[in-house]
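Participant: Got a structure here, written out as structure tokens. Questions coming.
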Amino acid sequence: MSMFPIATTGTMTGSLGQVFFNNIPSNFTHLQLRVYGRGNLSTTAWQTSGVQFNLDGTGGNYNGHEMWANGSNQGTTSAGFFNAWFNSPYMPGNNSLANTFGIQIIDILDYTNTNKFKTIRAIGGFDDNNTSTTNQRIGVYSGQYRSTNAITSITYNVAGNTFIAGSRVDLYGIAVSNATGV
Amino acid sequence: MPILPLAGTAAPRGALVPIASLVITNTSTQQFDFVNIPQIYQDLRLVVSMRNTGNNLAEGCLVYLNVNTFGFGDNTYSQTNLISNPLTTGATGAVTSTRDTNPQRVYAWGASVGALASPNIFGNSIFDFLSYAGTTGFKQTIVQTFADTNGANSMYMSANNWRRTVAINQISIFSESGGSVFLVPGSTATLYGVRSVNQ
Numbered sequence: 001m002s003m004f005p006i007a008t009t010g011t012m013t014g015s016l017g018q019v020f021f022n023n024i025p026s027n028f029t030h031l032q033l034r035v036y037g038r039g040n041l042s043t044t045a046w047q048t049s050g051v052q053f054n055l056d057g058t059g060g061n062y063n064g065h066e067m068w069a070n071g072s073n074q075g076t077t078s079a080g081f082f083n084a085w086f087n088s089p090y091m092p093g094n095n096s097l098a099n100t101f102g103i104q105i106i107d108i109l110d111y112t113n114t115n116k117f118k119t120i121r122a123i124g125g126f127d128d129n130n131t132s133t134t135n136q137r138i139g140v141y142s143g144q145y146r147s148t149n150a151i152t153s154i155t156y157n158v159a160g161n162t163f164i165a166g167s168r169v170d171l172y173g174i175a176v177s178n179a180t181g182v
Numbered sequence: 001m002p003i004l005p006l007a008g009t010a011a012p013r014g015a016l017v018p019i020a021s022l023v024i025t026n027t028s029t030q031q032f033d034f035v036n037i038p039q040i041y042q043d044l045r046l047v048v049s050m051r052n053t054g055n056n057l058a059e060g061c062l063v064y065l066n067v068n069t070f071g072f073g074d075n076t077y078s079q080t081n082l083i084s085n086p087l088t089t090g091a092t093g094a095v096t097s098t099r100d101t102n103p104q105r106v107y108a109w110g111a112s113v114g115a116l117a118s119p120n121i122f123g124n125s126i127f128d129f130l131s132y133a134g135t136t137g138f139k140q141t142i143v144q145t146f147a148d149t150n151g152a153n154s155m156y157m158s159a160n161n162w163r164r165t166v167a168i169n170q171i172s173i174f175s176e177s178g179g180s181v182f183l184v185p186g187s188t189a190t191l192y193g194v195r196s197v198n199q
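Line order of the protein sequences matches chains L and H. Each residue of the first sequence is one higher than the one before, starting from 1 at the first, in the working numbering. Each residue of the second sequence is one higher than the one before, starting from 1 at the first, in the working numbering.
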């Protein structure tokens with residue numbers, strides 16, 4: 001299995017509301033998003049982010065759950081997810097420690113398969129050296145895009161806010177070998 | 001800001017590029033060192049398989065950035081973690097979350113299996129450093145560890161913040177007891193570069 005870069009935002013130099021990858025090549029088996037990000041939500045130290053496919057904002061088309069920890073507590077979440085987006089890991093917001101960015105690695109499996117709903121797996125989070133439970137989060141996520149359509153576009157959004165300069169989103173395709181087995 | 005696609009018609013190059021792979025073959029080595037890390041990639045991935053000679057079931061794997069001496073990391077690290085089934089106590093059904101402030105290094109709990117474990121068992125950990133060569137943001141690392149000693153086991157993940165804007169150019173890896181233990185032959189550490197578009 002090998003991974004190939006498809007597209008990137010590069011390191012953002014200004015505010016960007018969302019990232020849109022369109023005309024995604026169909027010659028890979030899986031996709032991976034890699035995010036180094038910070039948003040400008042000013043009310044908390046962290047903020048949410050989300051992924052949407054094919055500009056499909058149909059309510060109920062996305063399911064997900066999270067296993068999370070914040071340095072004091074740990075738990076699972078499923079009811080709080082938007083159902084028109086897949087919730088991706090938390091990232092620092094504008095009240096977080098300066099120069100702190102979060103990390104997300106998001107895998108989208110079998111994205112061209114028209115016989116399957118699409119499975120999503122993500123890991124990510126951040127720590128910003130603060131004892132408040134809203135200043136750090138680490139989580140692993142699993143989700144489903146309830147459509148058999150091949151994925152041809154991905155929208156990555158910071159929940160209506162904007163990315164802080166220095167953020168970056170990269171898209172990769174993952175190919176598999178032709179090895180067969182019994 | 002425009003999205004930058006992979007340019008040109010050249011055959012695509014793989015994004016995951018092996019930089020160096022280290023294997024312990026003797027009984028007198030206490031650390032792995034990756035020096036002069038090329039600054040030409042977007043991210044780094046470090047994969048470690050470790051066993052130590054100490055009188056423990058398992059202990060942590062320590063990763064020092066830009067320092068190669070045990071205990072000489074600076075106090076600009078912090079970490080938030082999630083631990084399942086603590087390996088050292090064998091407790092079952094225990095899930096905890098803690099923070100580690102100023103630990104002087106990136107920490108992977110339970111990733112170095114010790115002499116009290118059955119033979120042939122190693123602890124495993126994966127470290128993802130995104131934007132490692134950047135000079136404007138702090139260095140955040142996601143760590144995942146997995147270890148099972150056929151009686152006790154652990155899974156662990158953490159977000160680690162090295163609050164320095166300098167690029168990562170050196171990585172040194174120790175078992176938690178540092179100079180008190182040796183790495184067992186067969187322990188490995190492999191460093192990969194993750195290439196982005198036009199790199």
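All C-beta atoms, glycine included, are put in the ideal place defined by N, C-alpha and C. Keep in mind that this is a model prediction, so the values were computed, not measured.
(1) Could you confirm whether any beta carbon from chain L is found closer than 7 Å to the beta carbon of Leu-82 of chain H?
(2) Using a Cβ-Cβ distance under 7 Å, would Met-91 of chain L count as near chain H?
(3) Relative to the C-alpha of Thr-75 of chain H, which residue among H:Ala-115, H:Val-35, H:Arg-163 is closest?
(4) Write down the C-beta distance between Asp-100 of chain H and Ile-103 of chain L rounded to the nearest angstrom, noting that I regard them as a contact closer than 8 Å.
(5) For Ala-15 of chain H, which residues in chain L fall below 7 Å Cβ to Cβ?
(6) Please decide whether Ser-97 of chain H counts as near chain L, where near means a Cβ-Cβ distance under 7 Å.
(7) Just to confirm the assignment: which complete alpha helix (DSSP H) runs, minimum length 4, are found wholly within the segment 9-52 of chain L?
(8) Assign Phe-72 of chain H to one of two classes, buried (16 or more other C-beta atoms within 10 Å of its C-beta) or exposed (fewer than that).
(9) Please check the pair Cys-61 of chain H and Val-47 of chain H, which I expect to be a contact at CB under 8 Å, by giving their CB distance rounded to whole angstroms.
(10) Closer than 7 Å by beta-carbon distance: list the chain H residues that pair up with Ser-72 of chain L, in chain order.
(11) Is Ser-196 of chain H buried or exposed, if buried means 16 or more other CB atoms sit within 10 Å of its CB?
(12) State whether the segment 7-17 of chain L contacts the segment 142-151 of chain L, with contact taken as three or more CB pairs (one from each stretch) at a distance under 8 Å.
(13) Among L:Tyr-62, L:Trp-68, L:Tyr-156, L:Thr-48, whose alpha-carbon lies nearest the alpha-carbon of Thr-119 of chain L?
(14) Note down, in chain order, every chain H residue with its Cβ under 9 Å from the Cβ of Thr-100 of chain L.
(15) Under 7 Å between C-beta atoms, does Thr-8 of chain L make it to chain H?
(16) Please list, in chain order, the chain H residues whose beta carbon lies closer than 9 Å to that of Gly-181 of chain L.
(17) For Thr-101 of chain H, return the contacting residues in chain L, with the cut-off set at a CB-CB distance below 9 Å.
(18) Determine the direct distance from the alpha carbon of Ile-154 of chain L to that of Gln-144 of chain L, and round the result to whole angstroms.
(19) May I ask which residues mark the beginning and end of the beta strand (DSSP E) holding Gln-186 of chain L?
(20) Can you pull the chain L neighbours of Val-197 of chain H, defined as C-beta to C-beta under 7 Å?
(21) Taking all protein chains shown into account, do 16 or more other C-beta atoms lie within 10 angstroms of the C-beta of Thr-27 of chain H, making it buried, or fewer, making it exposed?
(22) To the nearest angstrom, report how far apart Tyr-200 of chain H and Val-95 of chain H are at their CA atoms.
(23) By how many angstroms is the C-alpha of Glu-59 of chain H removed from the C-alpha of Phe-70 of chain H?
(24) Would you call the segment 105-119 of chain H in contact with the segment 155-166 of chain L, where contact means no fewer than 3 C-beta pairs closer than 8 Å?
(25) Please check the pair Gln-39 of chain H and Ser-158 of chain H, which I expect to be a contact at CB under 8 Å, by giving their CB distance rounded to whole angstroms.
(26) Tell me which residues of the segment 143-171 of chain L have at least one Cβ-Cβ distance to chain H shorter than 8 Å, keeping chain order.
(27) Tell me whether Asn-23 of chain L is buried or exposed, calling it buried when 16 or more other Cβ atoms sit within 10 Å of its Cβ.
(28) Below 8 Å on C-beta distance, what does Phe-53 of chain L contact in chain H?
(29) According to DSSP, Ser-2 of chain L sits in a beta bridge with which residue or residues?
(30) Give me the Cα-Cα distance between Tyr-36 of chain L and Gly-178 of chain H, rounded to the nearest whole angstrom.
(31) Here's a check: name, in chain order, each residue in its chain whose Cβ is nearer than 6 Å to the Cβ of Asn-161 of chain H, leaving out the five neighbours to either side.
(32) Please report the straight-line C-alpha distance between Asn-36 of chain H and Pro-5 of chain L, rounded to a whole angstrom.
(33) Taking DSSP as the reference, what is the three-state secondary structure of Gly-178 of chain H?
Facilitator: The structure says:
(1) yes
(2) no
(3) Checking the sequence, you will find Asn at residue 75 of chain H rather than Thr. Considering only alpha carbons, the answer is H:Arg-163.
(4) Contact doesn't hold; Cβ gap of about 17 Å is too wide.
(5) Met-3, Phe-4, Pro-5, Tyr-172
(6) yes
(7) none
(8) exposed
(9) About 11 Å separates the two Cβ atoms, so there is no contact after all.
(10) Ser-97
(11) buried
(12) no
(13) L:Tyr-62
(14) Gly-137, Phe-138, Gln-140, Asn-161, Arg-163
(15) yes
(16) Within chain H, no residue comes near Gly-181 of chain L; the closest Cβ sits about 23 Å away, beyond 9 Å.
(17) Asn-129, Thr-131
(18) 14 Å
(19) As shown, chain L starts at 1 and ends at 182. That puts residue 186 of chain L outside it, with no answer to give.
(20) Pro-5, Ala-7, Thr-8
(21) exposed
(22) An answer regarding residue 200 of chain H cannot be provided, because it is not within the stretch 1 to 199 covered by chain H.
(23) 15 Å
(24) no
(25) 25 Å between Cβ atoms; not a contact.
(26) Gly-166, Arg-168, Asp-170
(27) exposed
(28) Near Phe-53 of chain L there are no residues of chain H at all, since even the closest Cβ is about 16 Å away, more than 8 Å.
(29) L:Ala-175
(30) 32 Å
(31) Ser-78, Phe-138, Gln-140
(32) 24 Å
(33) helix
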